[in-house]
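Chemist:
2 protein chains.
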Amino acid sequence: MELIDALPHNLKNNPEIEKFLNGDFQTKTFKKGELISKQDQYNRNIYFVEQGLIRSFYYENGKEITTKFYIEGNIMANSDTLFQNNPTRYNFEAVEESTVKFCNYAKVEELCSVSLESANFSRFVLGNIITQMTDRISSLQFHTAKEKYLRLIHENPNIILRAPLGMIASYLGISQETLSRIRSEI
Amino acid sequence: MELIDALPHNLKNNPEIEKFLNGDFQTKTFKKGELISKQDQYNRNIYFVEQGLIRSFYYENGKEITTKFYIEGNIMANSDTLFQNNPTRYNFEAVEESTVKFCNYAKVEELCSVSLESANFSRFVLGNIITQMTDRISSLQFHTAKEKYLRLIHENPNIILRAPLGMIASYLGISQETLSRIRSEI
DNA sequence: CGTTAGTTTGAGAGGACTCAAAGTCTGTGG
DNA sequence: CCACAGACTTTGAGTCCTCTCAAACTAACG
Chain Y
1 MELIDALPHN LKNNPEIEKF LNGDFQTKTF KKGELISKQD QYNRNIYFVE
51 QGLIRSFYYE NGKEITTKFY IEGNIMANSD TLFQNNPTRY NFEAVEESTV
101 KFCNYAKVEE LCSVSLESAN FSRFVLGNII TQMTDRISSL QFHTAKEKYL
151 RLIHENPNII LRAPLGMIAS YLGISQETLS RIRSEI
Chain P
1 MELIDALPHN LKNNPEIEKF LNGDFQTKTF KKGELISKQD QYNRNIYFVE
51 QGLIRSFYYE NGKEITTKFY IEGNIMANSD TLFQNNPTRY NFEAVEESTV
101 KFCNYAKVEE LCSVSLESAN FSRFVLGNII TQMTDRISSL QFHTAKEKYL
151 RLIHENPNII LRAPLGMIAS YLGISQETLS RIRSEI
């Protein structure tokens, strides 16, 4: 999926945005297992996933905890660095070979400070992210391991097929063994 | 807390925004236990909490599940209606007597479609909401009942003091009894 | 001061965890 | 093209956390 395809109609053929997309974005491909961004750094890039599967994760008690998966068409960034100016707690890792387009968020801010369309598009993107997060919170808040897994199958079957069991388990907040048992009984 | 005080400096004394705040907002006070907004409706208002404590909740298996608390200075809205155009799943209820300022989100959209400052302020607000939600997800994802409670004490002692135990328990995704036991052993 | 809402305590059941070990898959090098 | 190492998944056993149901207790409010 190309970045330009992700834009709503009213933003296509907008010269400001055209210039931005062509001028300020870089493309990079990461091999499976490669780290795209590391914890404890100030990484102000914003990434668009063109191809592949990427996850964010951190370590707790020596274990990796996957916080989110990003597939084709998703936007990815360290929100703790962008919005709070803290070094990020998260690592980004390519679960499969993945191609991303990225630019510094400062460029986005710059564009939004002069382009009303861009600022409003950015608002729209943020709104969508909030919607997704709301669903995720509700899934985590009051559901059993099995319910959470079934919900993920329903909402994002892609991830189930492409990510290893251990990553999915930690994403759901359950142990690997429990997830394996749930799979066998379905 | 007044709405105007919540604005960053660069937005104060902005005539567009001044006009908006004075013209389009209404103020209303709700008694303890009163519903501000009901589920299954298309409520496109956006609320600013001036005083009090409000919660959002829904019913699952006959039980009330509190999804979020809103205190003085918080902004409150049905994101499923605003961003996805679905009837909302949530009820808003005043936990204490509460005063809110509110306006239709269409007015915000209108303002943002002409005012660059407003659009960027809105982006800033959405960014902050995302930050909060990220923390909440991480709290829910992989922590025990006790850890979640201690974290809430740390991050929002206000709520612990002002909301009844049952609401807090469901907010944390644990049973009332478990929370009561955690409290007694601390 | 009684009624209702809210909280605590107890007992028992069950889900999910941990630790451990056995399978299974996958990719690399001989 | 096979064999083996390492990564990943499954299965088992035992434990503990948290749940549910029930009942007693306490606080709040008219």
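Chains as they are written, first to last, in the UniProt record's numbering: chain Y, 1 to 186; chain P, 1 to 186.
Even glycine gets a Cβ: it sits at the ideal position worked out from N, Cα and C.
Would a check of beta-carbon distances place D80/Y closer than 9 Å to chain P?
Modeler: As a position in the first sequence, residue 80/Y is number 80, starting the count at 1. Closer than 9 Å to some Cβ of chain P, the Cβ of D80/Y qualifies, so yes.
Chemist: At the level of alpha carbons, what is the spacing between F165/P and Y171/P?
Modeler: Against the second sequence, residue 165/P aligns to sequence position 165. Against the second sequence, residue 171/P aligns to sequence position 171. For clarity, residue 165/P is Leu in the given sequence; the question names Phe instead. Rounded to whole angstroms, L165/P to Y171/P spans 10 Å at the Cα level.
Chemist: From the DSSP secondary-structure annotation, give me the bridge partner or partners of N104/Y.
Modeler: As a working note, residue 104/Y is residue 104 in the first sequence. Per DSSP, N45/Y.
Chemist: So, are the CB atoms of S37/Y and Y90/Y less than 9 Å apart?
Modeler: Position 37 of the first sequence, counted from the start, is the residue given in the question as residue 37/Y. Position 90 of the first sequence, counted from the start, is the residue given in the question as residue 90/Y. Their beta carbons are under 9 Å apart, which means S37/Y touches Y90/Y by this criterion.
Chemist: Of all the residues that make up the region 2 to 29 of chain Y, which are near chain P by a beta-carbon distance shorter than 9 Å?
Modeler: Answer set for the region 2 to 29 of chain Y: empty.
Chemist: Looking at chain P, is there any beta carbon in it that lies within less than 9 Å of the beta carbon of L116/Y?
Modeler: Walking along the first sequence from the start, residue 116/Y turns up at place 116. With 9 Å as the cut-off, L116/Y counts as an interface residue toward chain P.
Chemist: By how many angstroms is the C-alpha of N120/Y removed from the C-alpha of G127/P?
Modeler: Locating residue 127/P in the second sequence gives position 127, where the first residue counts as 1. Locating residue 120/Y in the first sequence gives position 120, where the first residue counts as 1. About 13 Å.
Chemist: In the region 61 to 149 of chain P, which residue ranges form an unbroken beta strand (DSSP E) of at least 3 residues, counting only runs that do not cross its ends?
Modeler: 63 to 71, 75 to 77, 91 to 94 and 98 to 104
Chemist: Measuring only the C-alpha atoms, how far is L35/Y from S79/Y?
Modeler: Translated into the one-based positions of the first sequence, residue 35/Y becomes position 35. Translated into the one-based positions of the first sequence, residue 79/Y becomes position 79. Cα-Cα distance, rounded: 18 Å.
Chemist: Since V100/Y and I71/Y are thought to touch, with beta carbons under 8 Å apart, how far apart are those beta carbons, to the nearest angstrom?
Modeler: The count along the first sequence starts at 1 and reaches residue 100/Y at position 100. The count along the first sequence starts at 1 and reaches residue 71/Y at position 71. With a Cβ gap of about 12 Å, V100/Y and I71/Y do not count as contacting.
Chemist: Ignoring anything shorter than 3 residues, give me the beta strand (DSSP E) runs that lie fully in the region 4 to 55 of chain Y, in order along the chain.
Modeler: Counting whole runs of 3 or more residues, the region 4 to 55 of chain Y contains the beta strand (DSSP E) stretches 26 to 30, 35 to 37 and 45 to 51.
Chemist: Which residues of chain P have a Cβ atom closer than 7 Å to the Cβ of A119/Y, listed in chain order?
Modeler: Against the first sequence, residue 119/Y aligns to sequence position 119. Within 7 Å Cβ-Cβ: L116, A119, N120 and R123.
Chemist: DSSP has Y58/P in a bridge; who is on the other side?
Modeler: The count along the second sequence starts at 1 and reaches residue 58/P at position 58. Y58/P pairs with I65/P.
Chemist: Using the three-state DSSP reduction, which class does I159/P fall into: helix, strand or coil?
Modeler: Residue 159/P sits at position 159 when you count from the first residue of the second sequence. I159/P falls in the helix class under three-state DSSP.
Chemist: Near T178/P, which residues of its chain fall below 8 Å by C-beta distance, leaving aside the five closest residues on each side in sequence?
Modeler: Position 178 of the second sequence, counted from the start, is the residue given in the question as residue 178/P. Correct list, in chain order: A145 and A169.
Chemist: Round the Cβ separation of A77/P and Y58/P to the nearest angstrom and send it over; I've been treating them as touching at under 8 Å.
Modeler: As a first step, residue 77/P is located in the second sequence; it is residue number 77 there, counting from the start. As a first step, residue 58/P is located in the second sequence; it is residue number 58 there, counting from the start. Rounded, the Cβ-Cβ distance is 15 Å, inconsistent with contact.
Chemist: Tell me whether the region 1 to 20 of chain P and the region 105 to 119 of chain P touch, counting them as touching only if at least three CB pairs, one residue from each stretch, are closer than 8 Å.
Modeler: yes
Chemist: Less than 6 Å between C-beta atoms, sequence neighbours within five positions excluded: which residues of the same chain meet that for I153/Y?
Modeler: Residue numbering aside, residue 153/Y sits at position 153 when the first sequence is read from its first letter. Hits under 6 Å: I160.
Chemist: Note down, in chain order, each residue of its chain lying with its Cβ closer than 6 Å to the Cβ of K68/Y, except the 5 sequence neighbours on either side.
Modeler: Position 68 of the first sequence, counted from the first residue, corresponds to residue 68/Y. These residues qualify, in order along the chain: S56.
Chemist: Just to confirm, are R162/P and E96/P a CB contact at a threshold of 9 Å?
Modeler: By 1-based counting over the second sequence, the position of residue 162/P is 162. By 1-based counting over the second sequence, the position of residue 96/P is 96. Yes, these two residues count as a Cβ contact at 9 Å.
Chemist: Step through the CB atoms of chain Y and report whether any lies within less than 9 Å of the CB of R44/P.
Modeler: Counting from one through the second sequence, the residue named residue 44/P turns up at place 44. By this cut-off, R44/P is not an interface position.
Chemist: Answer yes or no: does any C-beta atom of chain Y fall closer than 9 Å to that of T67/P?
Modeler: As a working note, residue 67/P is residue 67 in the second sequence. At least one chain Y Cβ lies under 9 Å of T67/P.
Chemist: Residues of chain P with CB closer than 8 Å to the CB of Q84/Y, please, in chain order.
Modeler: If you number the first sequence from 1, residue 84/Y lands on position 84. The contacting residues are T131.
Chemist: Between which two residues does the alpha helix (DSSP H) containing S184/P stretch?
Modeler: Here residue 184/P refers to the residue found at position 184 when the second sequence is read from its first residue. That run of the alpha helix (DSSP H) goes Q176 to E185.
Chemist: Q141/Y: buried (16+ other C-beta within 10 angstroms of its C-beta) or exposed?
Modeler: Looking up residue 141/Y in the first sequence gives position 141. With 16 or more other Cβ atoms within 10 Å, it is buried.
Chemist: Measure the alpha-carbon distance for T131/Y versus E155/Y and round it to whole angstroms.
Modeler: Counting from one through the first sequence, the residue named residue 131/Y turns up at place 131. Counting from one through the first sequence, the residue named residue 155/Y turns up at place 155. Rounded to whole angstroms, T131/Y and E155/Y show a C-alpha spacing of 13 Å.
Chemist: Under a CB-based cut-off of 9 Å, is Y59/P close to chain Y?
Modeler: Position 59 of the second sequence, counted from the start, is the residue given in the question as residue 59/P. So no, Y59/P is outside the interface.
Chemist: Using a C-beta cutoff of 9 Å, does L179/Y count as contacting chain P?
Modeler: Residue mapping note: residue 179/Y aligns to position 179 of the first sequence, counting from 1. L179/Y does not count as touching chain P.
Chemist: Need the endpoints of the alpha helix (DSSP H) that G173/P sits in, please.
Modeler: Reading the second sequence from its first residue, position 173 is the one you call residue 173/P. It is not in any alpha helix (DSSP H) - G173/P carries neither H nor E in the DSSP assignment.
Chemist: Taking only the alpha-carbon atoms, compute the straight-line gap between A106/P and K32/P and give it to the nearest angstrom.
Modeler: Taking the second sequence and counting its residues from 1, one reaches residue 106/P at position 106. Taking the second sequence and counting its residues from 1, one reaches residue 32/P at position 32. For A106/P and K32/P, the gap between their C-alpha atoms comes out near 29 Å.
Chemist: Taking I75/Y as the query, report the chain P residues whose CB atoms sit under 7 Å from its CB, ordered along the chain.
Modeler: Taking the first sequence and counting its residues from 1, one reaches residue 75/Y at position 75. Ordered by position in chain P, no residue passes the 7 Å Cβ test against I75/Y, which lies about 12 Å from the chain.
Chemist: Taking 9 Å as the cut-off, decide whether the C-beta atoms of Q39/P and P87/P are in contact.
Modeler: Counting from one through the second sequence, the residue named residue 39/P turns up at place 39. Counting from one through the second sequence, the residue named residue 87/P turns up at place 87. Result yes, Cβ atoms of Q39/P and P87/P sit closer than 9 Å.
Chemist: Taking E60/Y as the reference, which of I182/Y, I186/Y and G173/Y has the closest Cα?
Modeler: Counting from 1 along the first sequence, the entry for residue 60/Y is found at position 60. Ranking I182/Y, I186/Y and G173/Y by Cα distance to E60/Y puts G173/Y first.
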